[in-house]
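This report concerns only the one structure given below.
2 protein chains.
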Amino acid sequence: MARIKTDKNISRKDVIVTKAASLFREKGFKAASMRDLAEAVGVEAASLYNHIKSKTELLHELCFSVANRFLQKIDEVEAEKISSIEKVEKLLRFHINEMIHHYEEVYVSDREWKHLADPYLSNFQNQRRIYRKRFAAIIESGIRNNEVKKIDAPTAVLIILHAISGIESWHRSTQKISASELEENMVTILVGGLTQ
Amino acid sequence: MARIKTDKNISRKDVIVTKAASLFREKGFKAASMRDLAEAVGVEAASLYNHIKSKTELLHELCFSVANRFLQKIDEVEAEKISSIEKVEKLLRFHINEMIHHYEEVYVSDREWKHLADPYLSNFQNQRRIYRKRFAAIIESGIRNNEVKKIDAPTAVLIILHAISGIESWHRSTQKISASELEENMVTILVGGLTQ
DNA sequence: ATAAACAGCTAACGCGTGTTAGCCAAAAAA
DNA sequence: TTTTTTGGCTAACACGCGTTAGCTGTTTAT
């Protein structure tokens, strides 16, 4: 009888959620089966249900824990007394680091949220929409202050957020530049693209 | 007995492939069922098999037809006698327009290729790797000629390609700016980010 | 030491999946 | 007009899925 191994302060559920992130990232939510997950965890499929309610619950947890971290950060950044472009750069760097250090979760939240079921789905979409509007508002204020080129702010947000998800390719690549080099390159190109 | 409607020069198979692109984009390859597809086409599921070999064949066709268009374009661009940054801009504009006008196919090829089976999978991955290397080589030559900032070329490619896939969000948004405005904004930000 | 709570197991369920076989009508070719 | 080819249909298959029931061993608390 194989038990799920845990250290202190890491519940068995957390172990399952983490493995789920890895599996959902690798295969996609629909293609990853509970039997796959069970094997990754080292247990029979049915045993998982002593710790979780459903497969979808795993997706909820992943998507919303990621979303909450970003919402919390934008709260923090908005409140700071710095220029708009500095706010953009802070958010950008945060996104990059989240994508580097919590790759699997962030990736899954980004790509697999479609498979959430209502009411979580609408909820998630709303949060996302609002987040992007707030991000765009920062850029717009940067345009008004002549810190940023006259561009369409929602388009800029879209470019930034999707560019960041490209870090996926960096993770997969065999000859990686260092994480900090990656961060600096991305900031150079993207912040450089907004300013003049 | 409902027949699949076709105009001249559009085979019934093409109708199926096109509907499949739309469905795979909407639900994801795994989540889209052949019964869904049949309904979209206006026919029973089994009838599809008079025109196609398998569900996966649909994915092959989509992925490789998109990939081939990009490979053909980069052949063409590489051969032109223009500056490196102009080559980058040409490729960028081509990508943007493909994403705008062949949204569903390009999106599916981008996001769902993981579900290809070998040998198509390795093949596709190879083509992708090579394409990106060629793109990076153009940027590197731009750096050598001082047309482009001193940045990591593979990172630049990754940013550009993923930023373009953000056009997905533009398609979904209700208050769209025009396609040409979108194109100009993206070029401004991305080419601007590489140069100066 | 005993009881309660926890965490694993096997077996099985109902359902949706991709796909095939076999048949028949409509369209195209003769 | 007859024949052949094409493109539908219904029925059914085998399989993998998420999940539940019921049981047993193990850990924790009393």
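Each protein sequence line maps, in turn, to chains A and B. Start counting the first sequence at 13; every next residue gets the next number (this note's numbering). Start counting the second sequence at 13; every next residue gets the next number (this note's numbering). The beta-carbon is built from N, C-alpha and C at its ideal position, and this holds for glycine as well. Here the structure is a predicted model, which is why all the values come from computation and not from measurement.
Test item: CB-CB of residue i and residue j under 8 Å
i                : j                : result
Ile150 (chain B) : Val203 (chain B) : no
Lys85 (chain B)  : Phe106 (chain B) : yes
Ile97 (chain B)  : Glu159 (chain B) : yes
Ile179 (chain B) : Ile112 (chain B) : yes
Val198 (chain A) : Ile171 (chain B) : One detail in the question is off: residue 198 (chain A) reads as Met in this sequence, not Val. For Met198 (chain A) and Ile171 (chain B), yes; Cβs fall inside 8 Å.
His72 (chain A)  : Leu128 (chain A) : yes
Val27 (chain B)  : Val53 (chain B)  : yes
Ile64 (chain A)  : Lys102 (chain A) : no
Identity of the residue in the options nearest residue i by Cα
i                : options                              : result
Phe147 (chain A) : A:Val169, A:Glu38, A:Cys75, A:Leu194 : A:Val169
Gly205 (chain B) : B:Gln187, B:Ala191, B:Lys161         : B:Lys161
Arg140 (chain B) : B:Glu152, B:Ser153, B:Pro166         : B:Pro166
Ser23 (chain B)  : B:Asn62, B:Glu110, B:Asp48           : B:Asn62
Leu133 (chain A) : A:Ser59, A:Phe41, A:Phe76, A:Lys31   : A:Phe76
Gly40 (chain B)  : B:Leu70, B:Ala91, B:Asp130           : B:Leu70
Through-space distance from residue j to residue i, alpha-carbon basis
i                : j                : result
Leu194 (chain B) : Lys67 (chain A)  : 38 Å
Ser95 (chain B)  : Thr18 (chain A)  : 58 Å
Ser177 (chain A) : Arg15 (chain B)  : 43 Å
His174 (chain B) : Asn80 (chain B)  : 19 Å
Ala33 (chain B)  : Tyr115 (chain B) : 9 Å
Asn135 (chain B) : Arg123 (chain B) : 16 Å
Ser181 (chain B) : Val120 (chain B) : 14 Å
Trp125 (chain A) : Phe36 (chain B)  : 15 Å
Ile108 (chain A) : Val89 (chain A)  : 15 Å
Ile142 (chain A) : Glu38 (chain A)  : 29 Å
Val118 (chain A) : Thr186 (chain A) : 21 Å
Lys145 (chain B) : Glu196 (chain B) : 25 Å
Leu104 (chain B) : Asn21 (chain A)  : 48 Å
Glu152 (chain A) : Ile163 (chain A) : 9 Å
Glu2 (chain B)   : Ala191 (chain B) : In this structure chain B extends from 13 to 208, so residue 2 (chain B) is not present and cannot be described.
Arg47 (chain A)  : Leu83 (chain B)  : 39 Å
Thr207 (chain A) : Asn157 (chain A) : 11 Å
Asn138 (chain B) : Leu74 (chain B)  : 17 Å
Ser45 (chain B)  : Lys31 (chain B)  : 12 Å
Val78 (chain A)  : Ser59 (chain B)  : 43 Å
Ala91 (chain B)  : Asp87 (chain A)  : 50 Å
Asp130 (chain B) : Val55 (chain A)  : 29 Å
Residue i Cβ short of 7 Å to the ligand ZN heavy atom set
i                : result
Lys102 (chain A) : Only the bare structure without any ligand can be found here, which leaves the ligand ZN out of the picture.
Cβ distance (whole Å) where residue i is taken to contact residue j below 8 Å
i               : j               : result
Ala57 (chain B) : Ala50 (chain B) : 4 Å
- [ ] Jot down the residue ranges of each uninterrupted beta strand (DSSP E) in the segment 117-161 of chain A, minimum 3 residues, whole runs only, in chain order.
- [x] none
Task: Continuous alpha helix (DSSP H) assignments of at least 4 residues falling wholly in the segment 40-69 of chain A - done: Listed in chain order, the complete alpha helix (DSSP H) runs (minimum 4 residues) inside the segment 40-69 of chain A are 46-53.
Open item on the list: For a minimum of 4 consecutive residues, which ranges assigned as the alpha helix (DSSP H) are wholly contained in the segment 159-195 of chain B?
Closed with: 165-177, 179-184
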